[in-house]
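J.: Can you keep this structure in mind? I'll have questions shortly.
Number of protein chains: 2
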Amino acid sequence: NHIIICGYGRNGKQAAKKLLAHKRSFVVIEAKKETVNKHQSDMVPFVHGNANEDEVLMQAGVDRADCLISALPSDSDNVFVVLSARQINKNIRIISRASQETTYGKLKLAGANNVILPDKIGGDHMASLVVVPDLLEFIDNLSIVGESNINIEEIAVEHLYDTSTLKTIRDLDLRKKTGCNVIGYKNEKGEYLINPEAELKLAPNSKVIVLGRPEQIQKLNTLYNIEVE
Amino acid sequence: NHIIICGYGRNGKQAAKKLLAHKRSFVVIEAKKETVNKHQSDMVPFVHGNANEDEVLMQAGVDRADCLISALPSDSDNVFVVLSARQINKNIRIISRASQETTYGKLKLAGANNVILPDKIGGDHMASLVVVPDLLEFIDNLSIVGESNINIEEIAVEHLYDTSTLKTIRDLDLRKKTGCNVIGYKNEKGEYLINPEAELKLAPNSKVIVLGRPEQIQKLNTLYNIEVE
Ligand SMILES: [Ca+2]
Ligand SMILES: [Ca+2]
Chain A
1 NHIIICGYGR NGKQAAKKLL AHKRSFVVIE AKKETVNKHQ SDMVPFVHGN
51 ANEDEVLMQA GVDRADCLIS ALPSDSDNVF VVLSARQINK NIRIISRASQ
101 ETTYGKLKLA GANNVILPDK IGGDHMASLV VVPDLLEFID NLSIVGESNI
151 NIEEIAVEHL YDTSTLKTIR DLDLRKKTGC NVIGYKNEKG EYLINPEAEL
201 KLAPNSKVIV LGRPEQIQKL NTLYNIEVE
Chain B
230 NHIIICGYGR NGKQAAKKLL AHKRSFVVIE AKKETVNKHQ SDMVPFVHGN
280 ANEDEVLMQA GVDRADCLIS ALPSDSDNVF VVLSARQINK NIRIISRASQ
330 ETTYGKLKLA GANNVILPDK IGGDHMASLV VVPDLLEFID NLSIVGESNI
380 NIEEIAVEHL YDTSTLKTIR DLDLRKKTGC NVIGYKNEKG EYLINPEAEL
430 KLAPNSKVIV LGRPEQIQKL NTLYNIEVE
């Protein structure tokens, strides 16, 4: 259940850095021999080759990987890699970079689960610094890189109580029991509600979104026997 | 108190889109005549010219603007614009794009308050989809574009009570009075605490960070006479 990163340019490198911080195992596919030689280490293992070739993807274990991040500079290469990975592995989660907005649809069609446009995210971030600075500062403080920087977790209500008799958020009282704070609710249809009322009844197959410091999240996981993925 | 966007490439365009959604007034400086002709409208006013020239910056009102977003494709152009804007206006908030990591320090030195590296943010985002998906989904649900999508606000405690007698978060009971949920605390030194305990005493010159749906945030602003900037 490892992750494959295709391309060790600026995007790929930053993705690797974040995965490392979260102690997730991954392998990087990179075509440039000098990049491989320069960055290869026990922490950052490489497969030297072109991600466009199925054998190279197989060498990186695409058939049994959890996730593939395609971060190649060329949009057409990303489309090709996404298509190849999807062909080999129906269940793998595929995240791809795109530089042109017109590539978005093609990558989705090729089988990508998520498509990221760095320039769009960058532009959005610049404006967010102006219009929602408090939100950005909050997120910055969540994302302190470290092994246990999970601050927000989505939890199926079935983990929390026997839904044959409906309970409310107040009844659960996660705050007193674990320190965690319920900040969102996703109903059985997947509709998201920010900051639900304490009186909200937790329907079967719904989920609560909790905020907590790492030790609070851990307390919740332990108390309710929730396995961390 | 308007905002100036330099460059209407992918980053600048996305920034404009977000500012529009938040009904903030802005002007775009763009050197390419065809881009100006194609995108100019009542909603998106342009100054045609090179942001590298002081007269063009002045035409866009750099001396009285609140904020300048430099989103030019060339790092050296961004450095030049940041330096010029800072020279003319000591108080303006300057946010700049950079493509090379080595430009970061130069832009800061030139007077930028924030520097954004789109590729870094893109790579980080791709990895975050893997390691903190619940957090990203929460943020996506906060950032629904619309006029009143402020969900997180930082509020000086002096707005909330007379700090000559210390109160706790529980004493304030913002939840019952407004629906808002205290999700963070910034003490008098600016240190940030995620999900503070209800027993925390709110020191003078500290701030609480609240989460709420737009109507809850508005209720809080009204109840405590907080002026929205
Ligand atoms: Ca999770
Ligand atoms: Ca604010």
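If you read the sequences in order, they're chains A and B. Using the working numbering, the first residue of the first sequence is number 1, and each one after it goes up by one. Using the working numbering, the first residue of the second sequence is number 230, and each one after it goes up by one. All residues carry an ideal CB built from backbone N, CA and C; glycine is no exception.
Could you give the C-beta distance for Ser357 (chain B) and Leu346 (chain B), rounded to a whole number, given that I count them as a contact under 8 Å?
T.: With a Cβ gap of about 15 Å, Ser357 (chain B) and Leu346 (chain B) do not count as contacting.
J.: Under the rule that 16 or more other beta-carbon atoms within 10 Å means buried, what is Asp353 (chain B), buried or exposed?
T.: When all chains shown are included, Asp353 (chain B) counts as buried.
J.: Is the segment 417-425 of chain B close to the segment 382-393 of chain B, with three or more CB pairs under 8 Å?
T.: The segment 417-425 of chain B vs the segment 382-393 of chain B: no contact.
J.: Step through the CB atoms of chain A and report whether any lies within less than 8 Å of the CB of Ile345 (chain B).
T.: Closer than 8 Å to some Cβ of chain A, the Cβ of Ile345 (chain B) qualifies, so yes.
J.: Can you find the residues in the same chain that come closer than 7 Å, C-beta to C-beta, to Gly340 (chain B), ignoring five residues on each side of it along the sequence?
T.: Only Val311, Leu312, Arg315, Ile323 meet the Cβ criterion.
J.: For Ile438 (chain B) versus Ile412 (chain B), is the C-beta distance shorter than 8 Å?
T.: Yes; because the gap between Cβ atoms is below 8 Å, this pair is in contact.
J.: Rounding to the nearest angstrom, what Cα-Cα distance links Glu34 (chain A) and Lys13 (chain A) in this structure?
T.: Taking the straight line joining both Cα atoms gives about 15 Å.
J.: Going by the DSSP bridge assignment, what does Gly413 (chain B) pair with across the sheet?
T.: DSSP, once it has assigned bridges, lists B:Ile423, B:Ile438 as partnering Gly413 (chain B).
J.: Check whether the segment 41-58 of chain A touches the segment 97-115 of chain A, counting contact only when three or more Cβ pairs, one atom from each stretch, lie closer than 8 Å.
T.: No, the segment 41-58 of chain A does not touch the segment 97-115 of chain A.
J.: Which chain A residues are close to Met200 (chain B), counting only those with a beta carbon under 8 Å from its beta carbon?
T.: No statement about residue 200 (chain B) is possible, as the shown extent of chain B runs from 230 to 458 and does not include it.
J.: Could you give the C-beta distance for Cys67 (chain A) and Ile3 (chain A), rounded to a whole number, given that I count them as a contact under 8 Å?
T.: About 5 Å separates the two Cβ atoms, so the contact holds.
J.: Once you ignore the five residues that flank Ile317 (chain B) on each side, which residues in its own chain have a CB closer than 6 Å to its CB?
T.: Counting only Cβ-Cβ distances below 6 Å, and skipping sequence neighbours, we find Val291, Asp292.
J.: Where does the unbroken alpha helix (DSSP H) through Ile150 (chain A) begin, and where does it stop?
T.: No alpha helix (DSSP H) holds Ile150 (chain A); DSSP gives it neither H nor E.
J.: Would you mind telling me which residues of chain B sit closer than 7 Å to Asn181 (chain A), beta carbon to beta carbon, in chain order?
T.: In chain order: Asn410, Ile412, Asn424.
J.: Relative to the alpha-carbon of Ser393 (chain B), which residue among B:Lys430, B:Val265, B:Asn370, B:Asp363 has its alpha-carbon at the smallest distance?
T.: It is B:Lys430 whose Cα lies nearest to the Cα of Ser393 (chain B).
J.: Which residue or residues does DSSP assign as beta-bridge partners of Val47 (chain A)?
T.: Beta-bridge pairing links Val47 (chain A) to A:Ile29.
J.: Going straight from the alpha carbon of Asp348 (chain B) to that of Leu172 (chain A), what length do you get?
T.: The alpha-carbon atoms of Asp348 (chain B) and Leu172 (chain A) are separated by roughly 42 Å.
J.: Is Asn266 (chain B) helix, strand or coil when you go by DSSP?
T.: Reduced to three states, the DSSP call for Asn266 (chain B) is helix.
J.: For Val361 (chain B), list the residues DSSP reports as bridge partners.
T.: Val361 (chain B) is not bridged to any residue.
J.: For Arg239 (chain B) and Lys246 (chain B), what's the separation of their Cα atoms in angstroms?
T.: C-alpha separation (whole angstroms): 11 Å.
J.: Name the chain A residues whose beta carbon is nearer than 8 Å to that of Met272 (chain B)?
T.: Here the premise fails: no neighbours, minimum Cβ distance about 15 Å.
J.: Measuring straight from C-alpha to C-alpha, what distance separates Leu20 (chain A) and Asp134 (chain A)?
T.: Looking at the two C-alpha atoms, the distance is approximately 28 Å.
J.: Since Ser325 (chain B) is in the alpha helix (DSSP H), which residue starts that stretch and which ends it?
T.: Unbroken run through Ser325 (chain B) is the beta strand (DSSP E), 322-326; no alpha helix (DSSP H).
J.: For Tyr390 (chain B) and chain A, any beta-carbon pair shorter than 8 Å?
T.: Output row for Tyr390 (chain B): interface = no.
J.: Could you pull the DSSP bridge partners for Asn221 (chain A) from this structure?
T.: Partner(s): none; Asn221 (chain A) has no beta bridge.
J.: CA-CA distance, Glu259 (chain B) and Arg404 (chain B)?
T.: About 47 Å.
J.: Is it buried or exposed for Leu223 (chain A), if we count other Cβ within 10 angstroms and need 16 for buried?
T.: With fewer than 16 Cβ atoms within 10 Å of its Cβ, Leu223 (chain A) is classed as exposed.
J.: Quick one, which residues of the segment 341-365 of chain B are near chain A if we go by CB-CB under 7 Å, in chain order?
T.: Going along the segment 341-365 of chain B in chain order, one finds Asn343, Ile345, Pro347, Asp348, Lys349, Ile350, Gly351, Gly352, Asp353, His354, Met355, Ala356, Ser357, Leu358, Val359, Val360, Val361, Asp363, Leu364 with a Cβ nearer than 7 Å to chain A.
J.: Does any residue of chain A have a CB that is nearer than 8 Å to the CB of Arg253 (chain B)?
T.: Closer than 8 Å to some Cβ of chain A, the Cβ of Arg253 (chain B) qualifies, so yes.
J.: How is the alpha helix (DSSP H) around Asn240 (chain B) delimited, first residue to last?
T.: Unbroken alpha helix (DSSP H) run through Asn240 (chain B): 239-250.
J.: Assign Ile455 (chain B) to one of three DSSP states: helix, strand, or coil.
T.: In this structure, Ile455 (chain B) counts as coil in the three-state DSSP scheme.
J.: Is any beta-carbon of chain B found at less than 8 Å from that of Gln216 (chain A)?
T.: It does; some Cβ of chain B falls within 8 Å.
J.: In terms of residues, what are the limits of the beta strand (DSSP E) holding Ser299 (chain B)?
T.: Where Ser299 (chain B) is concerned, the enclosing beta strand (DSSP E) stretches over 296-299.
J.: Leaving aside the five residues before and after Lys207 (chain A) along the sequence, list all residues of the same chain whose C-beta is less than 8 Å from its C-beta, in chain order.
T.: Closer than 8 Å at Cβ, skipping near neighbours: Glu154, Ile155, Ala156, Val157, Tyr185, Lys186.
J.: If you measure from the beta carbon of Gly419 (chain B) to each beta carbon in chain A, is any gap under 8 Å?
T.: Cβ-Cβ to chain A under 8 Å: no for Gly419 (chain B).
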